[in-house]
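So for the sequence shown, the working numbering puts the first residue at -14; every next one is plus one. Glycine included, each C-beta is placed from N, C-alpha and C at the ideal position.
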Amino acid sequence: MLHAMSTTPEVDSARSAAEVNEEIRALWFRAGGTLSMEERREYQRLVLEWAEASPQSPTQAA
């Protein structure tokens, strides 16, 4: 049986929003407040992961 392999990295959904937030803070700290293009892509990926891990507000759940 053949299985298709994904070409996109899977987001580790096991991480909490707090863990992802800590990684975002560390990225900004390492970058000294100015992100390179590569760091911006990483930041965008982390923000999306953080949003997925964050509990939804009542207005979002409706």
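Could you pull out every unbroken alpha helix (DSSP H) segment of at least 4 residues lying fully inside the region 3 to 39, listed in chain order?
Within the region 3 to 39, the complete alpha helix (DSSP H) runs of at least 4 residues are 22 to 38.
What's the call for M(-14), buried or exposed, on a 16-neighbour Cβ count within 10 Å?
Any answer about M(-14) is weak, because its pLDDT of 48 lies below 50 and its placement is not dependable; what the coordinates show is given next. With fewer than 16 Cβ atoms within 10 Å of its Cβ, M(-14) is classed as exposed.
Report the rounded CA-to-CA distance for V32 versus S21, giving the unit in angstroms.
Going by the C-alpha atoms only, they are around 16 Å apart.
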